[in-house]
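If you want the numbering used here, it's the 1-based position in the sequence shown plus 296.
By construction, the Cβ of each residue, glycine as well, lies at the ideal position given by its N, Cα and C atoms.
All values reported here derive from a predicted model rather than from experimental measurement.
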Amino acid sequence: MKILPATIILFALCPLLFAQKPKAKPSQANTDDMWVASPVPELPPNVTHHTLRSTSMQREVGYCIYLPPGYAKDTGRRYPVIYHLHGAGGNEVRSVYSASVLHEGIIAGRLPEIIMVFPNGGRSTMYQDSADGRFMAETMMIKELIPHIDAAYRTIAERKARCIEGFSMGGRGSTNLAMKFPQMFASLFNQSGNVYHVSDASNLPNPYLGDDPERLRANDAFLNLAKNLPDIKAGLRIQVACGTADPDHLVTVRQYHQALTQAGVPHSYFEVEGLDHNQKKMIDGRKSTWFDFHIESLKLNQIPLHYLQP
Numbered sequence: 297m298k299i300l301p302a303t304i305i306l307f308a309l310c311p312l313l314f315a316q317k318p319k320a321k322p323s324q325a326n327t328d329d330m331w332v333a334s335p336v337p338e339l340p341p342n343v344t345h346h347t348l349r350s351t352s353m354q355r356e357v358g359y360c361i362y363l364p365p366g367y368a369k370d371t372g373r374r375y376p377v378i379y380h381l382h383g384a385g386g387n388e389v390r391s392v393y394s395a396s397v398l399h400e401g402i403i404a405g406r407l408p409e410i411i412m413v414f415p416n417g418g419r420s421t422m423y424q425d426s427a428d429g430r431f432m433a434e435t436m437m438i439k440e441l442i443p444h445i446d447a448a449y450r451t452i453a454e455r456k457a458r459c460i461e462g463f464s465m466g467g468r469g470s471t472n473l474a475m476k477f478p479q480m481f482a483s484l485f486n487q488s489g490n491v492y493h494v495s496d497a498s499n500l501p502n503p504y505l506g507d508d509p510e511r512l513r514a515n516d517a518f519l520n521l522a523k524n525l526p527d528i529k530a531g532l533r534i535q536v537a538c539g540t541a542d543p544d545h546l547v548t549v550r551q552y553h554q555a556l557t558q559a560g561v562p563h564s565y566f567e568v569e570g571l572d573h574n575q576k577k578m579i580d581g582r583k584s585t586w587f588d589f590h591i592e593s594l595k596l597n598q599i600p601l602h603y604l605q606p
């Protein structure tokens, strides 16, 4: 009978002893071999994996693309595009869940047919070019990928039909690109993406962007907001969101929201009560309206939209 208490304790501890260890976070270290996902997993309907040759980096860069159901047979139609940027540690196959949500809405006749592109932006580039020229994420996006997509697919190849968004690093990256190149995009959706004053002395040294003051100013989203304010007000619609249980991102998201407000930039802003840093939860909580902001932007720009009959 003396061993009974110990046996009871052992059984009580079994769930702890044999519990699976939490999955390690994906590496966020930038490396030369990070630009094409391997292996490529099974992808959602209508999503395929491709690569393009980056001249700036002299290497292949992966991307996934969602083509709407009517794309193959309706060969005379052109489509608006949403560029979706993945988070830190990710790649071109890590954020394709939103393509499933888009596809469901299109099939149901609720959403218009739209092309969606998921580029590989590196593990921790913030979609900017590194100071040493080794990782050219901004150049790849603006000067290589977008022109490639417009040339290879039947897009409506103009700012008014081009949207950009992303989660976490992708939210920060999409904001960096939209503030720097507002003439390229009609609609921006920052999903829980930190926005930093990278030129602020308190944030130095910056191991990725370097310490050149001019370079840092050129890559500061807040300074680019002020610099490009007329173009931003004239043609870029902005939506920003974050969960209230995401303290590592909420502070700077609120600062960016405040900066937009002080600059007189009309924008949509919402916080999701109790949400942590989880994109799927954010999407699943508002599936029926997830793409509404971009679609409103396209409609305001009088982009022709095609809906399938449910």
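Item                                                                                                                     : Value
Rounded straight-line distance, which links the Cα of Y492 to that of S498                                               : 11 Å
Residue interval of the alpha helix (DSSP H) (run including V397)                                                        : Y393 to I403
Where the beta strand (DSSP E) through E510 begins and ends                                                              : Taken as a continuous stretch (DSSP letters only), E510 belongs to no beta strand (DSSP E), being part of the alpha helix (DSSP H) at P509 to A514.
Stretch-stretch touch, CB-based, cutoff 8 Å, three pairs: the region 409-422 with the region 461-480                     : yes
Buried/exposed call for Q575, threshold 16 Cβ in 10 Å                                                                    : buried
Selection from H399, E461, P562 and V549 that minimises the alpha carbon distance to H382                                : E461
Backbone CA spacing between A522 and A427 [nearest angstrom]                                                             : 23 Å
Contact with chain B by G372, beta-carbon distance below 9 Å                                                             : Absent from the structure: chain B. Only one protein chain is present.
9 Å Cβ cutoff met for L484 and V494                                                                                      : no
Residue burial classification, V547 (beta-carbon count within 10 angstroms, cutoff 16)                                   : exposed
E388 and G366 closer than 9 Å at C-beta                                                                                  : no
Inter-residue CB distance, R513 and Q479 (contact presumed, cutoff 8 Å)                                                  : About 19 Å separates the two Cβ atoms, so there is no contact after all.
As assigned by DSSP and simplified to three states, the class of F587                                                    : coil
C-alpha gap between K476 and G539, whole angstroms                                                                       : 26 Å
Rounded straight-line distance, which links the Cα of I402 to that of H602                                               : 9 Å
Proximity test, V536 beta-carbon vs the ligand NAD heavy atom, cut-off 8 Å                                               : Because no ligand of any kind appears in the structure shown, any question about the ligand NAD cannot be addressed here.
Rounded C-alpha distance that separates D542 from H573                                                                   : 5 Å
For S483, the first and last residue of its enclosing alpha helix (DSSP H)                                               : First-last for S483: S483 to Q487, but that is the beta strand (DSSP E), not the alpha helix (DSSP H).
Beta-carbon spacing of P376, I438 below 9 Å                                                                              : no
Status (buried if at least 16 other CB within 10 Å, exposed otherwise) for E440                                          : buried
Per-residue DSSP class, three states only, for E454                                                                      : coil
Neighbour-count burial assignment, L596, 16 or more Cβ in a 10 Å radius                                                  : exposed
Beta strand (DSSP E) segment containing L381, residue limits                                                             : V377 to L381
Cut-off 7 Å between Cβ atoms - residues of its own chain near Q598, not counting five sequence neighbours on either side : none
Helix, strand or coil at R349 according to DSSP, with G and I counted as helix                                           : strand
Beta-carbon proximity check, I442 vs L363, cutoff 9 Å                                                                    : no
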